[in-house]
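For the sequence shown, position 25 (counting from the first letter as 1) is numbered 25 according to the working numbering, and the numbering increases by one without interruption.
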Amino acid sequence: MKKISIAIICILTCFSGVFAQQARFTVNGTIEFDKTVNAYALIRKGQITGKFASGNERDLLEQYQVSNPQFKTLKSTLSFAGNKTLFTPVDRSSVKGQGFEIPSSAQNNIVYTDHTAGTVTIQKDIMGDNFLLSDSTRKIKWKITGETREIAGYPCRRANGLMMDSIYVVAFFTEKIHVQGGPESFDGLPGMILEVALPHDNITWKATKVTDMVIATDVVKPPKTGKKVDATGLMEVLKGITNNRPPAQAGVIMKAYLL
C-alpha cells in the first residue's frame with residue numbers, strides 16, 4: 001500500500017510539472033520583425049512621390065524591375081516588459097528608384113506603448129526632422145476568426161481589423177505572450193501580435209524570432225528626442241509639407257506618416 005501511495009505521488013508530481021510548463025506564459029523579452037514591402041505593386045498603384053512620379057508608373061516600374069527585386073525587407077525589434085513595449089527600427093531606408101520614392105516603405109517610427117494606460121509616445125522622423133507625438137493608443141476594430149498558424153514557434157490566431165476608417169488589417173496574435181502589443185502601434189488583441197498585414201497596401205510585418213528573457217526597466221522607456229506635438233499638431237506639420245504637392249502625392253505622404 002505504501003509503495004502504491006509513493007507511486008501515485010510521483011505520478012501527480014510529474015503531471016503537475018508538465019501542467020506548470022504548459023501554463024507558462026512569456027511576459028518579458030524581445031521580438032525580431034521583418035517588414036516586407038511589395039515594391040512592384042506599390043509602384044504600379046502609384047503609391048510613390050518624386051518629380052517623375054505622376055502618370056509614369058508603367059515606365060518607372062519597368063526601369064525599377066531591371067535592377068531591383070520585387071520585395072524590400074527591413075528589420076526591427078520589439079522589447080517588452082510587463083504590459084509596456086518599445087518598437088525600434090533597425091533599417092529605416094525607404095525604397096527609391098530613378099526620380100521617385102515609396103514613402104510607406106520606410107520605418108519612420110520609434111514607438112513606446114503603455115498598454116495598461118492606453119497611451120503611446122512615438123518619435124517620428126518626418127523628412128529628416130524628429131517629432132515626438134504623445135497620444136492614446138490607436139483604435140482598431142478587431143474581429144477574431146477561427147484561422148490559426150504557427151509563427152516563430154508560437155501558436156497564433158487570426159483577427160481581421162479596420163483602422164483609420166478605411167484601412168483593412170489582418171493580424172495573427174498569440175495568447176502565449178501575455179502582452180497586448182505588436183509591431184509599430186498595432187495592438188488591442190488578447191495577446192502579442194506576431195504578424196500583421198495591410199493587404200491593400202502590400203506591407204507585412206512578421207516575427208522571425210522571439211527571445212524569452214528578462215528586460216531591464218531602463219530599456220523599455222519612451223523616446224525623448226523631438227519637437228513635441230499632439231495629433232492635431234502632427235496633422236498641421238503634414239499639411240505644411242504637402243501643401244505644394246500634387247493631390248495624389250500629398251495623399252501618399254499623409255498616409256505613410258500616419259500609419
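For glycine and all other residues, C-beta sits at the position ideal for the given N, C-alpha and C.
Close beta carbons around residue i, own chain, < 8 Å, minus the five adjacent residues each side
i: I241; result: I126, M127, I253
i: E62; result: none
i: Y168; result: N160, G161, L162, L198, P199, H200
i: D114; result: N83, K84, V120
i: N109; result: F87, P89, I122, Q123, K124, D125, E184, S185
i: I151; result: F172, T174, L194, E195, K206, A207
N-terminal and C-terminal residue of the alpha helix (DSSP H) that residue i is part of
i: I215; result: Premise fails: I215 is in no alpha helix (DSSP H) and is neither H nor E.
i: L61; result: 57 to 67
i: T174; result: First-last for T174: 167 to 174, but that is the beta strand (DSSP E), not the alpha helix (DSSP H).
i: V237; result: 231 to 242
Residues that residue i bridges to, as DSSP identifies them
i: D135; result: V120
i: E101; result: T49, K96
i: G188; result: BP columns for G188 are empty, so no partner.
i: P155; result: E150
i: P252; result: A small correction: the amino acid at residue 252 is Val; Pro does not occupy that position in the sequence shown. Answer by DSSP bridge pairing: none, since V252 is not bridged.
i: Y257; result: According to DSSP, which records beta bridges pairwise, Y257 is partnered with nothing at all.
i: Y112; result: L86, T121
i: I43; result: DSSP lists no partner for I43.
i: K221; result: Per DSSP, none; premise fails for K221.
Contacts around residue i, its chain only, beta-carbon distance under 6 Å, and the 5 residues preceding and following it disregarded
i: Q21; result: Its pLDDT being 40, under 50, Q21 is placed unreliably in this model, and the value from its coordinates should be taken loosely. There are no such residues.
i: F279; result: Because residue 279 is not part of the residues shown, which for the chain are 1 to 259, the question remains open.
i: N264; result: Nothing can be reported for residue 264: it is not among the residues displayed for the chain, which extend from 1 to 259.
i: M213; result: G29
i: I31; result: L78, A207, V210
N-terminal and C-terminal residue of the beta strand (DSSP E) that residue i is part of
i: V196; result: 192 to 198
i: S79; result: 71 to 81
i: V37; result: 28 to 38
Cβ-based burial, residue i [other Cβ within 10 Å; buried from 16]
i: A207; result: buried
i: A231; result: exposed
i: V90; result: exposed
i: F25; result: exposed
i: D165; result: exposed
i: Q98; result: exposed
i: S105; result: buried
i: K75; result: exposed
i: K224; result: exposed
i: N244; result: exposed
i: A216; result: exposed
i: G181; result: buried
i: D129; result: exposed
i: K239; result: exposed
i: T13; result: Annotation note: pLDDT 43 at T13 (below 50); position unreliable, coordinate value reported separately. The residue in question, T13, is exposed, as its Cβ has fewer than 16 Cβ neighbours within 10 Å.
Nonlocal neighbours in the same chain, by C-beta distance under 7 Å from residue i, ignoring five residues either side
i: G82; result: V27
i: G46; result: E57, A248
i: T116; result: N83
i: P222; result: Y112, T121
i: Q107; result: K35, L74, S76, P89, D91, R92
Presumed contact (8 Å Cβ cut-off) between residue i and residue j, rounded CB distance
i: I177; j: G161; result: At roughly 18 Å, the Cβ-Cβ gap does not stay under 8 Å, so I177 and G161 are not in contact.
i: E184; j: V111; result: 6 Å
i: V179; j: F80; result: 5 Å
i: P103; j: A256; result: 4 Å
i: E147; j: R138; result: The pair is not a contact, with the Cβ atoms about 23 Å apart (cut-off 8 Å).
Neighbour flag for residue i against chain C, beta carbons, 8 Å
i: S94; result: Protein chains in the displayed structure number just one, and chain C is not present.
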